[in-house]
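Numbering (the numbering used here), first residue to last: 12 to 271.
From the three backbone atoms N, C-alpha and C, an ideal C-beta is built for every residue, glycine too.
Taking it in order: structure first as C-alpha cells, then the write-up.
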Amino acid sequence: MASFVHMISSFVNPLQTDWNTWFITALCALITGLSKSGLKGFAMINIPILAILYGGMSSVGILLPFLIFGDAFALIYYRRNAQWSHIKRLFPWTMVGLVIAMLIGKYINDQQFRTSIAVSILVCLAIIVYRDISGQKTALTNNKWFTHSLGFSGGFATMIGNAAGPIFNLYLMSMRLPKNVFIGTGAYFYLILNTIKLPIHFFYWQSISTSTLQLNFVMLPILLAGAFAGKKIVQYIPEKAYRIFVIGVIALSAIVLLLK
Numbered sequence: 012m013a014s015f016v017h018m019i020s021s022f023v024n025p026l027q028t029d030w031n032t033w034f035i036t037a038l039c040a041l042i043t044g045l046s047k048s049g050l051k052g053f054a055m056i057n058i059p060i061l062a063i064l065y066g067g068m069s070s071v072g073i074l075l076p077f078l079i080f081g082d083a084f085a086l087i088y089y090r091r092n093a094q095w096s097h098i099k100r101l102f103p104w105t106m107v108g109l110v111i112a113m114l115i116g117k118y119i120n121d122q123q124f125r126t127s128i129a130v131s132i133l134v135c136l137a138i139i140v141y142r143d144i145s146g147q148k149t150a151l152t153n154n155k156w157f158t159h160s161l162g163f164s165g166g167f168a169t170m171i172g173n174a175a176g177p178i179f180n181l182y183l184m185s186m187r188l189p190k191n192v193f194i195g196t197g198a199y200f201y202l203i204l205n206t207i208k209l210p211i212h213f214f215y216w217q218s219i220s221t222s223t224l225q226l227n228f229v230m231l232p233i234l235l236a237g238a239f240a241g242k243k244i245v246q247y248i249p250e251k252a253y254r255i256f257v258i259g260v261i262a263l264s265a266i267v268l269l270l271k
C-alpha cells in the first residue's frame with residue numbers, strides 16, 4: 012500500500028515539492044486559464060509567485076507550458092476574431108527582442124530588467140489613460156516609435172520572464188479593439204511566441220525538463236477548468252468595464268514587477 016501511495020505521489024508531484032508548493036502551483040494553473048480565456052493580464056501575478064517558489068529561471072520553464080495550453084484553449088473560441096494585420100505589424104520587432112534576450116538571458120540582472128519593463132509599462136499606460144480622458148481618437152499605433160518599442164520590449168520580456176503580457180495588451184488596447192478581437196488577436200500572438208520559446212527553454216536554457224512537463228500535464232485539467240470559467244465570466248463584462256479591468260490589471264502587474 013505504501014509503495015502504491017508513493018507511486019501516485021511521484022506521478023502527481025514529479026518535482027517532489029512540499030504540498031503547499033504544489034497547491035499554490037495548481038492555483039497558478041487555474042489563474043492562467045482564467046486569464047487566457049478572457050480575463051487578460053490576470054496571470055501576471057503568477058510570475059512573482061512562481062519565482063518565489065522555484066527560483067527565476069525554473070519558474071519561467073514551469074509557467075511557459077501553462078501559457079501555451081491557455082493560448083490553445085483561447086483560440087478554440089476566439090480564433091475567428093483575430094486580426095492578423097496587428098500581429099504582422101508587431102512581430103518583426105518582437106523577434107528582434109526575443110533573439111537578443113535569448114543570447115544574453117543567462118547574464119542579465121533580473122531585477123534591473125523588471126524595473127525598466129515596469130516603468131515602461133506605467134509610462135505607456137499613463138499615455139493611454141490620458142488619451143482616453145482627453146478624448147483623443149488617433150491610434151497610438153500610427154506612431155512607429157510606439158509600435159517598434161513595444162514590439163522590441165515585448166519580445167525581450169517574453170523570453171526573459173514570460174512578462175510580455177502587459178506590453179502586448181497595451182499595444183492591442185491602444186487601438187480600442189472590441190473585447191473578442193482583443194482576446195483572439197492576443198491568443199494567436201502569444202501562442203506563436205510561446206511555441207517558438209519552448210525549444211529554447213528545453214534545449215538551450217534547460218529550464219524545462221521532462222519532470223516539469225509532467226507537472227504541467229498533471230495540472231492541465233485545473234487550467235482547463237479556469238479557462239471554461241474565464242470564458243463564462245467575460246461574457247457578462249461590458250466593453251467599457253472590460254477595458255477598465257484590463258487597465259487595472261496591467262497597472263497592478265507593473266507594480267508587482269517593481270516590488271518583486
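Just to confirm the assignment: which complete alpha helix (DSSP H) runs, minimum length 4, are found wholly within the segment 51-98? 57-65, 67-89
Starting from TYR247, follow the alpha helix (DSSP H) in both directions and report where the run begins and ends. By one-based count along the sequence shown, residue 247 stands at place 236. Run containing TYR247: none; DSSP gives neither H nor E here.
Straight-line gap, PRO59 to ARG100 (C-alpha atoms, nearest Å): Here residue 59 refers to the residue found at position 48 of the sequence shown. Here residue 100 refers to the residue found at position 89 of the sequence shown. The straight-line gap from Cα to Cα measures roughly 30 Å.
How many angstroms separate the CA atom of ALA240 from the CA atom of SER48? Mapped onto the sequence shown, residue 240 falls at position 229. Mapped onto the sequence shown, residue 48 falls at position 37. Taking the straight line from one Cα to the other gives about 8 Å.
Could you name the residues of the same chain whose beta carbon sits closer than 6 Å to that of LEU109, not counting the 5 residues immediately before and after it, in chain order? Locating residue 109 in the sequence shown gives position 98, where the first residue counts as 1. Here the set comprises GLY166, MET170.
Can you tell me which of PHE256, SER264, LEU270 puts its alpha carbon nearest to the alpha carbon of LEU50? Numbered from 1 along the sequence shown, position 39 holds the residue referred to as residue 50. For the residues PHE256, SER264, LEU270, the minimum Cα distance to LEU50 belongs to PHE256.
Pick helix, strand or coil for SER185, following the three-state DSSP scheme. Against the sequence shown, residue 185 aligns to sequence position 174. Three-state result, SER185: coil.
Any Cβ of chain E within less than 8 Å of the Cβ of ASP82? Going by chain labels, chain E is absent from the structure shown, which holds only one protein chain.
Could you spell out the range, first to last residue, of the alpha helix (DSSP H) harbouring TRP33? Working through the sequence shown from its first residue, we reach residue 33 at position 22. First-last of the alpha helix (DSSP H) with TRP33: 30-47.
Does the count of Cβ pairs from the segment 32-39 and the segment 220-233 closer than 8 Å reach three? yes
Backbone CA spacing between PHE200 and ASN24 [nearest angstrom]: The residue you call residue 200 lines up with position 189 of the sequence shown. The residue you call residue 24 lines up with position 13 of the sequence shown. Distance between the alpha carbons of PHE200 and ASN24: 31 Å.
Alpha helix (DSSP H) segment containing LEU26, residue limits: Along the sequence shown, one-based indexing puts residue 26 at 15. It is not in any alpha helix (DSSP H) - LEU26 carries neither H nor E in the DSSP assignment.
Member of GLY237, SER222, ILE233, TYR253 whose CA lies at the smallest distance from the CA of PHE22: Translated into the one-based positions of the sequence shown, residue 22 becomes position 11. Out of GLY237, SER222, ILE233, TYR253, SER222 has the C-alpha closest to the C-alpha of PHE22.
Anticipated Cβ contact below 8 Å, LEU288 with ALA265, distance rounded: A question about residue 288 goes unanswered here, because the residues of the chain that appear run from 12 up to 271.
Just to confirm the assignment, what range does the alpha helix (DSSP H) spanning GLN225 have? Within the sequence shown, residue 225 is the residue found at index 214, counting from 1. Per DSSP, GLN225 belongs to the alpha helix (DSSP H) from 221-229.
Give me the residue from PRO210, ILE98, LEU263 with the minimum Cα distance to LEU183. Numbered from 1 along the sequence shown, position 172 holds the residue referred to as residue 183. Of PRO210, ILE98, LEU263, the residue nearest in Cα terms is ILE98.
How long is the line joining the alpha carbons of ILE44 and SER14, rounded to whole angstroms? Position 33 of the sequence shown holds residue 44. Position 3 of the sequence shown holds residue 14. One detail in the question is off: residue 44 reads as Gly in this sequence, not Ile. Roughly 34 Å between the two C-alpha positions.
Quick one: using the 10 Å Cβ neighbour count with 16 as the cut-off for buried, is VAL260 buried or exposed? For the purposes of this step, residue 260 is taken as residue 249 along the sequence shown, with counting starting at 1. With 16 or more Cβ atoms within 10 Å of its Cβ, VAL260 is classed as buried.
So, with DSSP's three-state summary, where would you put SER218? Translated into positions along the sequence shown, residue 218 becomes position 207. SER218: coil per DSSP, three-state reduction.
If contacts are defined as beta-carbon pairs under 8 Å, then LEU161 and LEU181 qualify, I think. What distance do you get, rounded to the angstrom? Taking the first residue of the sequence shown as 1, we reach residue 161 at position 150. Taking the first residue of the sequence shown as 1, we reach residue 181 at position 170. LEU161 to LEU181, Cβ: 7 Å. Contact.
The ligand MG heavy atoms versus the CB of TYR182: any closer than 7 Å? The model on display carries no ligand, and the ligand MG is accordingly not part of it.
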